[in-house]
Amino acid sequence: MSREPDEDMRRAVEDGTHEGLNDLEYAFLVELAREGKAEKAAACVGIGGEVMRSLLRKLEGMDLLDAAARMLPELRDVLLQDPRNGKTMSILGKPKVAEFYRRLKREYGFVHPEIPLAAFIREAAVKECLGRKEDRWYFLTARVDFLVCDRDGFPRLAFEYQGGGHETPEKRKKDALKRKLLEAADIPLREVGPGAAQALPPVNEDESSPARSLVSDWGKSSPARRFESYLSTIQGEPMEPEYPTNWNHLKKEYVAVLGFQGGAVERRLLGKQVGMKRDGRSADLEFKADELPDALPVGTTLEIRDGSHKHLLTSYFRKDAGGWRLLKRKEGASALFQKDEDAE
-1 MSREPDEDMR RAVEDGTHEG LNDLEYAFLV ELAREGKAEK AAACVGIGGE
49 VMRSLLRKLE GMDLLDAAAR MLPELRDVLL QDPRNGKTMS ILGKPKVAEF
99 YRRLKREYGF VHPEIPLAAF IREAAVKECL GRKEDRWYFL TARVDFLVCD
149 RDGFPRLAFE YQGGGHETPE KRKKDALKRK LLEAADIPLR EVGPGAAQAL
199 PPVNEDESSP ARSLVSDWGK SSPARRFESY LSTIQGEPME PEYPTNWNHL
249 KKEYVAVLGF QGGAVERRLL GKQVGMKRDG RSADLEFKAD ELPDALPVGT
299 TLEIRDGSHK HLLTSYFRKD AGGWRLLKRK EGASALFQKD EDAE
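Per my numbering: the sequence shown = residues -1 to 342.
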């Protein structure tokens, strides 16, 4: 007699089977329970079809799913019981919360709304807080309203917008457990409301912080930072940056802002070509005022291509609060013109 999927999930949680998943796999599992469809879950965590199918095979091999249509019904039911986690009850639907989100985006480079605790906190860090079965289920399903990550993708701050609905004894009990879980993971929790604006704390960028062992570098696989995985595929070692100091008639093949949309890396070309050398590559570029580096927001990643047929370099820079930081530089063309060059 075969077991029901919810029994498989319950057993997996109780015997620790799910702890064999890495952070991205675990985040995918939670989103799969929420959405019920693998394609939607893959979009939530920023993976493509091939990776999605690989994850599904692994989860099926661990008895964590039976079929996509019947995915983890008990976990999905728990998710939908919380109105903040409902598919039509996003906190961002409230104007005051949306305005607070915009304020966070202006202050911090990497802010992500409505993120599951289990997606970025390692369970070993909060194991002592999960003595009861109900507490474990809460850890699997609860979310923070806003998560702030450092430039390397590690969670550093959490915000809860208390706009009402937290007055019942059950809600207060859950809020207390959430604070306890975040405290165990060394992530400060700030509770804010619709009243007077409060000063926002700085983000701790200390790379040697022991708190990094308690959390995952979830931000690197989040929708807002998905192109990090693309950058990791580029061969090349970080070098001393040669960031342009003069943008007047900059002599580069192109300058582009990198983003991620619909499962692929996108480039938004900056500047207008006003002159082209005979090699057809190097050009004089002129930039509008809103395209100059000082006008670009924190968190922007630039791809800059320079050189000629004899020596091609493609560099990637990230804008932090303190200025531009070199991510990686490689010899050869970028993927933007790869097909044309392969045909030559």
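Each residue gets a CB set at the ideal place from its N, CA and C atoms; glycine is no exception.
Contact check, residue i vs residue j, beta carbons under 8 Å
i, j, result
"Lys270", "Glu251", "no"
"Ile302", "Val255", "no"
"Tyr136", "Lys172", "yes"
"Asp143", "Phe152", "no"
"Lys56", "Glu29", "no"
"Val109", "Val146", "yes"
"Leu128", "Arg134", "yes"
"Leu179", "Val263", "no"
"Pro111", "Leu155", "no"
"Asp292", "Lys249", "no"
"Arg149", "Ile113", "no"
"Ser313", "Arg327", "yes"
"Val213", "Phe118", "yes"
Span of the alpha helix (DSSP H) around residue i
i, result
"Ser105", "Correcting the residue identity first, residue 105 is Glu in this sequence and not Ser. That run of the alpha helix (DSSP H) goes 93 to 105."
"Val49", "47 to 59"
In DSSP terms, what residue i is bridged to
i, result
"Pro114", "Arg141"
"Lys317", "Trp322"
"Val296", "Paired residues: none, contrary to the question."
"Gly257", "Glu264"
"Glu284", "Lys270"
"His26", "What sits at residue 26 in the sequence shown is Phe, not His. According to DSSP, which records beta bridges pairwise, Phe26 is partnered with nothing at all."
"Val109", "Val146"
"Lys328", "Thr312"
"Val201", "Paired residue(s): none; Val201 is not in a bridge."
"Glu301", "Ala254, Tyr314"
Delimiting residues of the beta strand (DSSP E) encompassing residue i
i, result
"Leu248", "248 to 250"
Heavy atom of the ligand FAD within 7 Å of residue i beta-carbon
i, result
"Tyr314", "The ligand FAD is not among the ligands present in this structure, which contains no ligands whatsoever."
CB contact check: residue i to chain C, cutoff 8 Å
i, result
"Ile45", "Protein chains in the displayed structure number just one, and chain C is not present."
>> At 3 residues or longer, what runs of the beta strand (DSSP E) sit wholly inside the stretch 121 to 196?
In response: Note on the stretch 121 to 196: whole beta strand (DSSP E) runs with a minimum of 3 residues are 141 to 147, 153 to 159, 187 to 190, in chain order.
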